[in-house]
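Take a look at the structure set out below.
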Amino acid sequence: MFRPTLLGRMWLHLANLAVIAFLLFPIAAVVIGSVQSEKTLQADTRAILPPEYTFDNFRVILTQGEQKGRVFEQATYLPDNIKVFYNAALNSLIVAVSVTLLTLVLGSLSAYSIARLRVRWTMWLLQVNVAARFVPIIVLMIPLYVVFRSVGMLNSLWGVIIAQTGFLLPYAILILAPYFETISHELEEAARIDGCSRFGAFVRIVLPLSTPGLSSCGAIIFIISWQDLLITMILNSRREFMTLPVVIASLVGDVHVFFNLLMAICLLALLPSVVLVMLLQKYVVQGLSAGAVKG
Numbered sequence: 066m067f068r069p070t071l072l073g074r075m076w077l078h079l080a081n082l083a084v085i086a087f088l089l090f091p092i093a094a095v096v097i098g099s100v101q102s103e104k105t106l107q108a109d110t111r112a113i114l115p116p117e118y119t120f121d122n123f124r125v126i127l128t129q130g131e132q133k134g135r136v137f138e139q140a141t142y143l144p145d146n147i148k149v150f151y152n153a154a155l156n157s158l159i160v161a162v163s164v165t166l167l168t169l170v171l172g173s174l175s176a177y178s179i180a181r182l183r184v185r186w187t188m189w190l191l192q193v194n195v196a197a198r199f200v201p202i203i204v205l206m207i208p209l210y211v212v213f214r215s216v217g218m219l220n221s222l223w224g225v226i227i228a229q230t231g232f233l234l235p236y237a238i239l240i241l242a243p244y245f246e247t248i249s250h251e252l253e254e255a256a257r258i259d260g261c262s263r264f265g266a267f268v269r270i271v272l273p274l275s276t277p278g279l280s281s282c283g284a285i286i287f288i289i290s291w292q293d294l295l296i297t298m299i300l301n302s303r304r305e306f307m308t309l310p311v312v313i314a315s316l317v318g319d320v321h322v323f324f325n326l327l328m329a330i331c332l333l334a335l336l337p338s339v340v341l342v343m344l345l346q347k348y349v350v351q352g353l354s355a356g357a358v359k360g
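Just so you know, we're using our numbering here: the sequence shown kicks off at 66 and counts up by one.
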């Protein structure tokens with residue numbers, strides 16, 4: 066077995082630190098910018114640390130503009146979409162949770178069929194799923210809008226849930242199919258000998274053993290759905306159906322960009338994803354590594 070030398074290990078550690086710094090640098094910049102006033106933020110763009118800190122940005126967002134704080138006391142204009150922050154967060158949560166559950170249910174059934182039923186159409190289905198991911202989603206937005214308008218599903222959360230589930234289902238199949246192949250066939254055969262049907266063996270044997278794979282897939286699907294902007298913005302035009310990414314995008318106006326509010330709300334929107342990954346970290350690593358090593 067190849068073992069790197071001391072110099073090689075040092076280079077590997079430096080490379081890891083460089084990658085971690087590259088990933089954390091934007092988050093650090095957002096954190097620093099979120100605790101500054103707009104005047105301080107634009108006064109010296111080359112300063113790393115601000116001369117003063119304020120939490121007025123978070124106060125404005127969490128109170129939906131009712132408490133402006135010292136920084137925004139003289140402000141004559143604040144974006145109206147700040148007033149629907151909690152409603153947008155609730156919409157994002159409903160959409161992300163619903164999409165995750167639907168995608169896991171449908172994706173696990175399809176992935177199990179591909180992993181266990183060695184027939185031609187299942188492999189063709191997997192190849193179609195792979196090819197579908199090469200189509201840019203923006204190309205499908207106009208047909209999607211026309212279809213959803215004809216069936217009356219515009220300006221509704223269900224329309225967004227169905228659309229996102231359809232787009233994310235291939236990802237779930239590609240993640241879960243290799244993982245199901247790592248589960249021993251003998252366990253299912255023993256369950257079927259004891260009287261279980263194929264579906265019963267799938268529910269009672271395969272799914273409990275697939276907790277790491279399902280957790281990693283669910284975390285990925287939740288994060289993608291939580292941060293989706295394009296589908297929600299195209300299908301919904303009413304404020305009551307806005308999600309957090311749409312509220313964040315609305316802070317970038319034609320005349321003025323609320324950089325400090327933008328950074329603060331980005332941090333608040335990032336919290337659910339961070340908490341989910343921290344809670345499921347062990348399962349996510351196990352699920353992705355198990356599916357990756359399957360030859």
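Ideal placement from N, C-alpha and C gives every residue a C-beta, glycine not left out.
query: Mapping the DSSP letters down to three states, classify residue 274 as helix, strand or coil.; result: helix
query: Is residue 359 helix, strand or coil by DSSP?; result: Any answer about residue 359 is weak, because its pLDDT of 46 lies below 50 and its placement is not dependable; what the coordinates show is given next. Three-state DSSP puts residue 359 in coil, outside helix and strand.
query: What's the gap between the Cα of residue 124 and the Cα of residue 162?; result: 27 Å
query: On a Cα-Cα basis, can you pick out the residue from 287, 306, 291 that is closest to residue 218?; result: 306
query: Please report how far the alpha carbon of residue 196 lies from the alpha carbon of residue 105, in whole angstroms.; result: 49 Å
query: Within 8 Å: the Cβ of residue 151 and any heavy atom of the ligand SAH?; result: Looking for the ligand SAH in the displayed structure turns up nothing, as the structure carries no ligands at all.
query: Tell me the start and end of each unbroken beta strand (DSSP E) in the segment 93 to 169 that is at least 3 residues and wholly inside, in chain order.; result: none
query: Roughly how many angstroms lie between the CA atoms of residue 149 and residue 240, to the nearest whole one?; result: 35 Å
query: Quick one: residues in its chain with C-beta nearer than 8 Å to the C-beta of residue 256, no 5 flanking neighbours on either side, listed in chain order?; result: 265, 266, 269, 270
query: Anyone know if the C-beta pair for residue 101 and residue 128 falls short of 9 Å?; result: no
query: With DSSP collapsed to three states, give me the class of residue 320.; result: coil
query: Between the C-alpha atoms of residue 96 and residue 328, what's the straight-line distance to the nearest angstrom?; result: 7 Å
query: Rounding to the nearest angstrom, what Cα-Cα distance links residue 201 and residue 261 in this structure?; result: 43 Å
query: Hey, how far is the Cα of residue 71 from the Cα of residue 87?; result: 24 Å
query: Roughly how many angstroms lie between the CA atoms of residue 338 and residue 292, to the nearest whole one?; result: 9 Å
query: Of the residues 135, 296, 115, 137, which one's Cα is nearest the Cα of residue 222?; result: 296
query: Within the chosen definition, does the segment 179 to 194 reach the segment 305 to 325 through at least 3 CB pairs nearer than 8 Å?; result: no
query: Specify the secondary structure class of residue 201 as computed by DSSP and reduced to three states.; result: coil
query: Evaluate residue 85 with the Cβ neighbour count: other Cβ atoms within 10 Å of its Cβ, from every protein chain shown; 16 or more gives buried, anything less gives exposed.; result: exposed
query: By a C-beta neighbour count over all protein chains shown, 10 Å radius and 16 as the cutoff for buried, is residue 284 buried or exposed?; result: buried
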